[in-house]
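Numbering (the working numbering), first residue to last: 3 to 176.
Glycine included, C-beta positions come from ideal geometry on N, C-alpha and C.
Treat the numbers as computed from the prediction; the structure is a model and nothing was measured.
If you want it as structure tokens, here you go:
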């Protein structure tokens, strides 16, 4: 069900936020050895950022489905589980980890755990398109163009959609 509740204000236009994120990361592009997107929304953003800022850098994708701390309670919960792909050595790499929405911090924690299973990176910095509030873990993005002034209700999902013309838009789902 899509929500039209006026008390739930969506973030600014997703495409505008993407360009703000790109501008924020641009001065630091030479400080990274690889971009890694968290499946699925983060991987879409990572692909575009890499193409715009650092087309020669390796691009990885992490699916944290098997690293979630609620796997035993929820099961996989998704049908689009895919293997992670890290076509570079994580050992000693300076990685920009990218996701679409930061919420509790648990997805980012799972992604970092998975990265360390592949090796010990020199550093991991984190970028998110939107921070909806509601943190449960001490995770904070290094780059984030929009932070919700008040946390969105737990029953509301903020989803990033890629349109047919390859631009981004938000969808609030309750």
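DSSP three-state call for residue 39: helix, strand or coil?
By 1-based counting over the chain shown, the position of residue 39 is 37. In this structure, residue 39 counts as strand in the three-state DSSP scheme.
Look up residue 51 in the DSSP assignment and say whether it is helix, strand or coil.
In the chain shown, counting from the first residue as 1, residue 51 sits at position 49. DSSP, read as helix, strand or coil, puts residue 51 in helix.
Outcome for residue 152 when other beta-carbon atoms lying within 10 angstroms are tallied against a minimum of 16
Within the chain shown, the letter at position 150 stands for residue 152. Its Cβ having fewer than 16 others within 10 Å, residue 152 is exposed.
Can you find the residues in the same chain that come closer than 6 Å, C-beta to C-beta, to residue 120, ignoring five residues on each side of it along the sequence?
Here residue 120 refers to the residue found at position 118 when the chain shown is read from its first residue. Here the set comprises 88, 92.
By DSSP, does residue 156 sit in helix, in strand, or in coil?
Along the chain shown, read from residue 1 onward, the residue named residue 156 stands at position 154. Looking at residue 156 - three-state DSSP - the assignment turns out to be coil, as it is neither helix nor strand.
Reduced DSSP category for residue 93 - H, G, I as helix; E, B as strand; rest coil
What you label residue 93 is simply residue 91 of the chain shown in a count that begins at 1. In the structure shown, residue 93 sits in coil (DSSP, three-state: anything other than H, G, I, E or B).
Between residue 41 and residue 27, which are expected to be in contact by the criterion C-beta below 8 Å, what is the C-beta distance as a whole number of angstroms?
Mapped onto the chain shown, residue 41 falls at position 39. Mapped onto the chain shown, residue 27 falls at position 25. So it is not a contact: roughly 20 Å between Cβ atoms.
So, for residue 20: in the same chain, excluding its five sequence neighbours on each side, which residues have a beta-carbon less than 6 Å away from its beta-carbon?
Position 18 of the chain shown holds residue 20. Once the five neighbours on either side are set aside, the close Cβ partners of residue 20 are 170.
Tell me which same chain residues have a C-beta within less than 6 Å of the C-beta of residue 74, skipping the five on either side of it?
Stepping through the chain shown from its first residue, residue 74 is reached at position 72. Residue placement at residue 74 is flagged as unreliable, the pLDDT there being 49, under the threshold of 50; the coordinate-derived value follows with that caveat. Once the five neighbours on either side are set aside, residue 74 has no close Cβ partner at all.
Please list the terminal residues of the continuous alpha helix (DSSP H) segment that includes residue 119.
Taking the first residue of the chain shown as position 1, residue 119 is located at position 117. Note, residue 119: alpha helix (DSSP H), 108-120.
State buried or exposed for residue 7, treating a residue as buried only when at least 16 other CB atoms are found within 10 Å of its CB.
Here residue 7 refers to the residue found at position 5 when the chain shown is read from its first residue. Here the model assigns residue 7 a pLDDT of 47, short of 50, so the residue's position is not dependable, and the following value carries that caveat. Taking all protein chains shown into account, residue 7 has fewer than 16 neighbouring C-beta atoms within 10 Å of its C-beta and is therefore exposed.
Determine the DSSP secondary structure at residue 133, reduced to helix, strand or coil.
Position 131 of the chain shown, counted from the start, is the residue given in the question as residue 133. If DSSP states are grouped into helix, strand and coil, residue 133 belongs with the strands.
How big is the Cα-Cα spacing for residue 62 and residue 90?
Your numbering for residue 62 matches position 60 in the chain shown. Your numbering for residue 90 matches position 88 in the chain shown. Straight-line Cα distance between these residues: approximately 8 Å.
Looking at the unbroken alpha helix (DSSP H) that takes in residue 173, where does it start and where does it end?
Here residue 173 refers to the residue found at position 171 when the chain shown is read from its first residue. Unbroken run through residue 173 is the beta strand (DSSP E), 170-175; no alpha helix (DSSP H).
Quick check: the Cα distance between residue 48 and residue 138, rounded to an integer number of angstroms?
One-based indexing of the chain shown puts residue 48 at position 46. One-based indexing of the chain shown puts residue 138 at position 136. Rounded to whole angstroms, residue 48 and residue 138 show a C-alpha spacing of 25 Å.
Please report the distance separating the alpha-carbon of residue 136 from that of residue 94.
Within the chain shown, the letter at position 134 stands for residue 136. Within the chain shown, the letter at position 92 stands for residue 94. If I take the Cα positions, the gap works out to 32 Å.
Report, in whole angstroms, the separation of the C-beta atoms of residue 158 and residue 109, which I expect to be a contact under 8 Å.
Numbered from its first residue, the chain shown carries residue 158 at position 156. Numbered from its first residue, the chain shown carries residue 109 at position 107. Not quite, the Cβ-Cβ distance comes to about 17 Å (not below 8 Å), so this is no contact.
Going by DSSP, name the residue or residues bridged to residue 163.
Along the chain shown, one-based indexing puts residue 163 at 161. Residue 163 pairs with 171.
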